[in-house]
Structure formats: C-alpha cells, structure tokens
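J.: So that we are looking at the same thing, I have put the structure below in structure tokens.
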Amino acid sequence: MVLLAITLSLILEKVILIAIILGASLGIAMYSTWAERKVAAIMQDRRGPNRAGPFGLFQPLADGLKLFMKEEIIPTVSSKFLFVLGPSLAMLTACMTSAVIPWGPDIVKADGSVFSLQVADINIGILFVFGVVSLGVYGIMIGAWASNNKFSLLSGLRAASQAISYELAMSISLIALVMMTGSLSLREIVDQQHGFWKDGWFTWNFFKQPLAFLIFIVCSFAELNRAPFDLAECESELIGGYHTEYSSMKLGFYLFAEYINMFITSVILSSLFFGGYNYPGMDWVAAHASPLIVSLAGVGALLGKAIFFILFFMFIRWTLPRFRYDQLMNLGWKSMIPLALVNMLITGAVILYFFNH
Amino acid sequence: MPITISNRAKLVDRRPMSFLERIYLPAIFKGLRITLGHMFVKKPTINYPEVERPFSATFRGLHILNRDEEGRERCTACGLCALSCPAEAISMEAAERKPEETHLYREEKYAANYEINMLRCIFCGLCEEACPKDAIYLSQTFAPADYQRKGFIYKKDDLLIPETDSMRSTKNSKTTA
C-alpha cells in the first residue's frame, strides 16, 4: 500500500498553493495595518491615512519602504545571534500555521483528480496549530532577553507568563469542542459544520459551544498580545516592551508577525466555530455552479469571516483599556480556566447521556 | 457627603464589584456601543489643502499697502502705524518725492523702505486703525510657512498691492487730459 504518493505534479500543486497562501496572508497583514489605522481613526472621529493614494491605500507600501530604508541598529550589549533570531522566529511561526488550514472545498478537476485547497491535511491539525502558536512566544522571549534592556526583559517575562496562563484555558475550551466533533483534523471539523442548518439546529459550532467560543476568543486576544491584553508591549510602561531595541525591518518583522498571527487566528476562529468555508445555501450553489466557482465561493466565505474577525479585533483594541497585570492573571487563572473546565465537564456529561450511541 | 465648596464632589464607590461587573461583559458591550456610535459621527476634520475653513468677515491676516485710484502709493511714511504697533513689528524710512515721481506717490513724502516683521506681528489691526491715509489694511490671507526667519520679514514689494488695469486706465486718462 502506498501511504504517500509524491509525484512532480503534487509537489508543483503544493508549491503553488503555498506561494498563494503566503502571498495572501502577507498582503492581508499589510492591509491590516492600514485597516487598523482607519478603524482607529473612525472610532476617534478622525480621518486616518488619506494622503498616499486613494483613501491612503498606498500607506502600507510607504510604511514598508520606510522600515526597509531605516538604519539597522544592533545594540553592542545585546547577544547578536539571539537578537536576530527573535524576529525571525516570530515571523516563521506566524507563517507556519497556515499550512493546516483548509482554505476551501476540494476542487474536482475534469479528469476526476482532486486539487485540495489545504497544504497538509494532517489528522492532528489543531494540535499542530497550538504547537506552533506556543512556539511563537519564543520569538518575543528570545528577542526581549537578547536586547539586554530591562524593559524588554520585563516584557519578555510578561509575554511568557501570559501565554502560559491563557494557552491552558484556550486548550481546555477546545477539548470540549474536540469531544463533540470527535476529530483533531481541521478539515473534518469544518466538514462537520456543512451548510448552516441540519436536524433542527445550527451546524456551526458557535451555536453548540458558545461558552467555548467566548473563552477561545478572549484567550486569543491574550495569545496575540493585543489590547486589552497587550501587556508585553504597553507603550506607557515598557516603551514598546520586547521591541524597544529593535529598528528597521527587524521591528517590521515583529509588527508584521503580529498582524499575520491576527489573520491566522481569525481564520482558525472561523474554521473552528463559524463553519470555515461553509455558508448557508451552499448545497444550492454546489448544484448550480461549476466546481471552480463553488470552491472560490467557499474561499470567499472563509476570508469574509476572517476579515470580520480582524475588524472585530481592531474594534476591541480601540474600545477597551489595557488590563492591569494582576487583573490579567486573575482573569486567566480564576475565571477562564475554571470556566473552561466546567464547560468541558458539561459537554462530556451531555455527550455521555444524550449522544452515546 | 463631604463638605465641598463646589458641591459637585462625588464619593468614590468602593463597594466590591457585583457578579455582572466582575464578568466584564456588560461593560464591554457598553463600550463597544459607544465606539460603534462614533462610526456615524460627523468628523470635525477639514481636509486642509483641498478644503479651507472660511474666515470671518473681520479676519485680520497679512498686511497690504494700498494704492489710490490712480495706482499711486498712499503711504506717506508718517510713522503712526509703527507708533501704534504694540509688538514693534513695523519699521520704515521716509523719502521726499521728486517732481518726476508724481505718478508714483500720492503726496510729497513717501516710504522708501517699509518692513513688517511677521514673526513679531500679533495681527491686532491697530496699524490699520491708526493710518490717516488709508494706506495699510489687513487682508484675509495668513503668513505662509518658511524655512528661515528672514522669509518672514516682509519688504515693501511684498506688501504693496499690484496695480490693477482700472488704476492704469484712470491714470492714463488723467495724464492725457
């Protein structure tokens, strides 16, 4: 039995897919910076960037150019290898997660072969995502520690303890979800949420596990180091925290990695809880349109949900003030983890007594 | 209640938070509603170089030195504007009009040099009020930015309004008659 048939066409397909996904996530991250400033401006009754191009749409290009042209400073007291490793690791882990995300339904080609819109359909997809995401904090920690700056070090400590505290609650909340779906494969979880309505209830996991969703989204704010949990980089106390000493494109990598992470988190949120590439009435579309259009509509649905979540993340950032560190820890350990445990217990009991067949 | 003069002091509520307050969510949604509301608020910003804010009719901007209906300079270098200026921004040098210069200057004495330092000027308009010859006026434009201080010292050439066609035609009709 051939477990893995590697042909040239398969490699070619995957390379093209990886290139498209990386390009798209970089592009979306770029325009997230623009959108962030526009959203901030709208919330504060300002206009936001509107000078570079129509509606300021060339602003990210100008920002990128600026970051490239700036002087590269490596502090003499820093440990140089780690100093460069920090942002590289942050960027690497940010880009790696996109490999297991199912971006759309399979495209069935004319000759019957299948073109999968997923780089790797591994059966422990969620585990992989969490593994890589937890590696992401190393980028911050290493960079912060290597800077040899007291504020950066404090920020590294904060980021590490915050990540540990919130990853627990996040994983426990997902265990409830996994118990329900019975699979760790992202593709299978998404396929189980097919359509919108089935057997008298919504198919999307949000309507089956609202509490898990709430815990997951709060924890993803913490994981992303975004307001209201952006204690690792609070400008007022730590002067930028782990990227105080960084300049030029190394700083750009940190900021960029944050936005890529935000995009990937939004995609994962919509895959796990909001049906991924599924949308109401997709069976009708599947029956009436060509397979390519069906797949692209799925991709569009997923991206639409992801953009909604990106905007939601920004919306929250410009609404809520930053938590104090003890409040953050209280929320994580005394509320989120017990809540996630209770949710897991209830889910387990319900599955055991009502769906045990 | 504590005794205060303004009678507006409020006691800080130090009761422990209730359950609804402790789960933060109602407060968060309240905040989200406020920021969402700001999406529809009219922005007070004016897109400056494209759109300009209208000035009031009595706006006091850059000075101009006026001419009479024949295009002759009205200023006689009496120095009342410089005297009235609280910021001491105006300085001038007087000169006597030569017989062949009657078409240039209105009276026997004129200002050979006339300088206003726009960095000193406070645009109060007292020079305009002091002038007995209606020679100096404050216009509706304001001083543009400059990289150097000397760019803000306005000479007579910068201040004098240009001769208009109607001035030239009245002058010509006077000389031919």
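Just so you know, the protein sequences line up as chains A and U, in that order. For the first sequence, counting from 1, position 40 maps to 40 in this note's numbering; every step adds exactly one. For the second sequence, counting from 1, position 15 maps to 15 in this note's numbering; every step adds exactly one. C-beta: ideal position from N, C-alpha, C; glycine also.
1) Going along the chain, which unbroken runs of the alpha helix (DSSP H) with 4 or more residues stay wholly within the segment 200-252 of chain A?
2) Tell me where the alpha helix (DSSP H) around S173 of chain A begins and ends.
3) For a cutoff of 8 Å on Cβ pairs, would you count K43 of chain U as touching chain A?
4) Which residue wins for smallest C-alpha separation from T141 of chain U, given the options U:S169, U:I28, U:T58?
5) Give me whichever residues DSSP pairs with S91 of chain U in a beta bridge.
6) Confirm, please, whether the CB-CB distance from P102 of chain A to Q118 of chain A is below 8 Å.
7) Taking the CB atoms as reference points, tell me whether M443 of chain A and I172 of chain A lie closer together than 8 Å.
8) Contact between the segment 53-66 of chain A and the segment 222-229 of chain A is defined here as three or more beta-carbon pairs at a separation below 8 Å; is this criterion met?
9) Quick one: is F315 of chain A near chain U, going by C-beta distance under 8 Å?
10) Kindly identify the DSSP beta-bridge partner or partners of Y138 of chain A.
11) Compare the C-alpha of L26 of chain A against each of A:P60, A:A41, A:M43 and name the closest.
12) What residue does the beta strand (DSSP E) around I64 of chain U start on, and which one ends it?
13) Mind reading off the beta-carbon distance from W204 of chain A to F313 of chain A? Whole number of angstroms is fine, and I expect it under 8 Å.
14) Below 8 Å on the Cβ atoms is my contact criterion, and I expect W333 of chain A with S98 of chain A to pass it. Report the Cβ-Cβ distance as a whole number of Å.
15) Helix, strand or coil for K198 of chain A? Go by DSSP, reduced to three states.
16) Within 10 Å of its beta-carbon, does A19 of chain A have 16 or more other beta-carbons around it, so buried, or fewer, so exposed?
17) For the segment 12-41 of chain U, which residues have a CB atom closer than 7 Å to at least one CB atom of chain A, in sequence order?
18) Answer with yes or no whether the minimum CB distance from L375 of chain A to chain U is below 8 Å.
19) For R158 of chain A, go through chain U and note every residue whose CB falls closer than 9 Å to its CB, in chain order.
20) If you run the structure through DSSP and keep just helix, strand and coil, what is Y254 of chain A?
21) By how many angstroms is the C-alpha of L32 of chain U removed from the C-alpha of L320 of chain A?
22) For Y137 of chain U, report the span of its alpha helix (DSSP H) as first-last.
23) Would you please verify whether the beta carbon of I42 of chain A is less than 8 Å from any beta carbon of chain U?
24) Write down the C-beta distance between W145 of chain A and L135 of chain A rounded to the nearest angstrom, noting that I regard them as a contact closer than 8 Å.
25) Among U:N47, U:R67, U:K150, whose alpha-carbon lies nearest the alpha-carbon of I116 of chain U?
26) How many angstroms separate the CA atom of F354 of chain A from the CA atom of Y24 of chain U?
27) Can you tell me the Cα-Cα spacing of S139 of chain U and P54 of chain U, whole angstroms?
28) Let me check understanding here. Comparing Cα to Cα, which of A:M170, A:L168, A:G139, A:V77 lies closest to S155 of chain A?
29) Hey, quick one: how far does the alpha helix (DSSP H) through N330 of chain A stretch, first residue to last?
30) Determine the direct distance from the alpha carbon of R67 of chain U to that of E163 of chain U, and round the result to whole angstroms.
31) Three or more beta-carbon pairs under 8 Å between the segment 34-51 of chain U and the segment 91-108 of chain U, yes or no?
32) Let me know if L186 of chain A comes out buried or exposed under the rule of 16 or more other beta-carbons within 10 Å of its beta-carbon.
33) Should N278 of chain A be labelled buried (16 or more other beta-carbon atoms within 10 Å of its own) or exposed?
34) Between which two residues does the alpha helix (DSSP H) containing D29 of chain U stretch?
35) In terms of alpha-carbon separation, which member of A:A160, A:I310, A:K150, A:G298 lies closest to E36 of chain A?
36) Under 8 Å between the Cβ atoms of M262 of chain A and S116 of chain A?
T.: In brief:
1) 205-208, 210-223, 235-238
2) Residue 173 of chain A sits at position 173 when you count from the first residue of the first sequence. 150-181 is the span of the alpha helix (DSSP H), which, as asked, contains S173 of chain A.
3) On the second sequence, position 43 is the one that residue 43 of chain U refers to. Yes, K43 of chain U lies at the interface with chain A (some Cβ there is under 8 Å from its Cβ).
4) Looking up residue 141 of chain U in the second sequence gives position 141. Comparing Cα-Cα distances from T141 of chain U to each of U:S169, U:I28, U:T58, the minimum goes to U:T58.
5) Taking the first residue of the second sequence as position 1, residue 91 of chain U is located at position 91. Answer is U:E115.
6) Taking the first sequence and counting its residues from 1, one reaches residue 118 of chain A at position 118. Taking the first sequence and counting its residues from 1, one reaches residue 102 of chain A at position 102. It is a contact, given that the beta carbons lie within the stated cut-off.
7) The structure shown does not extend to residue 443 of chain A, since chain A is modelled only from 1 through 357, so no value can be given for it.
8) no
9) Working through the first sequence from its first residue, we reach residue 315 of chain A at position 315. At least one chain U Cβ lies under 8 Å of F315 of chain A.
10) Within the first sequence, residue 138 of chain A is the residue found at index 138, counting from 1. None; Y138 of chain A has no bridge partner.
11) In the first sequence, the residue the question calls residue 26 of chain A occupies position 26. Of A:P60, A:A41, A:M43, the residue nearest in Cα terms is A:P60.
12) Position 64 of the second sequence, counted from the start, is the residue given in the question as residue 64 of chain U. Residues 63-65.
13) The residue given as residue 204 of chain A occupies position 204 in the first sequence. The residue given as residue 313 of chain A occupies position 313 in the first sequence. Not confirmed; about 20 Å, so no contact.
14) Translated into positions along the first sequence, residue 333 of chain A becomes position 333. Translated into positions along the first sequence, residue 98 of chain A becomes position 98. 31 Å between Cβ atoms; not a contact.
15) Counting from one through the first sequence, the residue named residue 198 of chain A turns up at place 198. Three-state result, K198 of chain A: strand.
16) Your numbering for residue 19 of chain A matches position 19 in the first sequence. Its Cβ having fewer than 16 others within 10 Å, A19 of chain A is exposed.
17) I28, G31, L32, T35, H38, M39, V41
18) There is no way to answer for residue 375 of chain A, as the model of chain A reaches only from 1 to 357.
19) Numbered from 1 along the first sequence, position 158 holds the residue referred to as residue 158 of chain A. Under the 9 Å cutoff, chain U gives no residues; its nearest Cβ is about 20 Å from R158 of chain A.
20) Translated into the one-based positions of the first sequence, residue 254 of chain A becomes position 254. Looking at Y254 of chain A - three-state DSSP - the assignment turns out to be helix.
21) Counting from one through the first sequence, the residue named residue 320 of chain A turns up at place 320. Counting from one through the second sequence, the residue named residue 32 of chain U turns up at place 32. If I take the Cα positions, the gap works out to 8 Å.
22) Walking along the second sequence from the start, residue 137 of chain U turns up at place 137. Counting along the chain, Y137 of chain U falls outside any alpha helix (DSSP H), though it belongs to the beta strand (DSSP E) covering 136-138.
23) Position 42 of the first sequence, counting from 1, holds the residue named residue 42 of chain A. Answer yes: the Cβ-Cβ gap between I42 of chain A and chain U drops below 8 Å somewhere.
24) Counted from its first residue, the first sequence places residue 145 of chain A at position 145. Counted from its first residue, the first sequence places residue 135 of chain A at position 135. The Cβ separation is near 16 Å, so there is no contact.
25) As a first step, residue 116 of chain U must be located in the second sequence, where it is residue number 116. Among U:N47, U:R67, U:K150, the Cα nearest to that of I116 of chain U is on U:K150.
26) Here residue 354 of chain A corresponds to residue number 354 of the first sequence, with the count starting at 1. Here residue 24 of chain U corresponds to residue number 24 of the second sequence, with the count starting at 1. In a straight line, the C-alpha of F354 of chain A is about 33 Å away from that of Y24 of chain U.
27) Walking along the second sequence from the start, residue 139 of chain U turns up at place 139. Walking along the second sequence from the start, residue 54 of chain U turns up at place 54. If you take the alpha carbons of S139 of chain U and P54 of chain U, they lie about 14 Å apart.
28) In the first sequence, the residue the question calls residue 155 of chain A occupies position 155. Cα-wise, what sits closest to S155 of chain A is A:G139.
29) As a working mapping, residue 330 of chain A is identified with position 330 in the first sequence. Here the alpha helix (DSSP H) through N330 of chain A covers 325-330.
30) In the second sequence, the residue the question calls residue 163 of chain U occupies position 163. In the second sequence, the residue the question calls residue 67 of chain U occupies position 67. One C-alpha to the other measures close to 8 Å.
31) no
32) The residue labelled residue 186 of chain A in the question sits at position 186 within the first sequence. L186 of chain A comes out buried.
33) Locating residue 278 of chain A in the first sequence gives position 278, counting from the first residue. N278 of chain A comes out buried.
34) The residue you call residue 29 of chain U lines up with position 29 of the second sequence. In the sequence as presented, Asp is not what sits at residue 29 of chain U; that position holds Phe. Element bounds for F29 of chain U: 25-37.
35) For the purposes of this step, residue 36 of chain A is identified with residue 36 of the first sequence, where counting begins at 1. Closest by alpha carbon: A:I310.
36) Here residue 262 of chain A refers to the residue found at position 262 when the first sequence is read from its first residue. Here residue 116 of chain A refers to the residue found at position 116 when the first sequence is read from its first residue. In this structure, S116 of chain A does not lie closer than 8 Å to M262 of chain A by Cβ.
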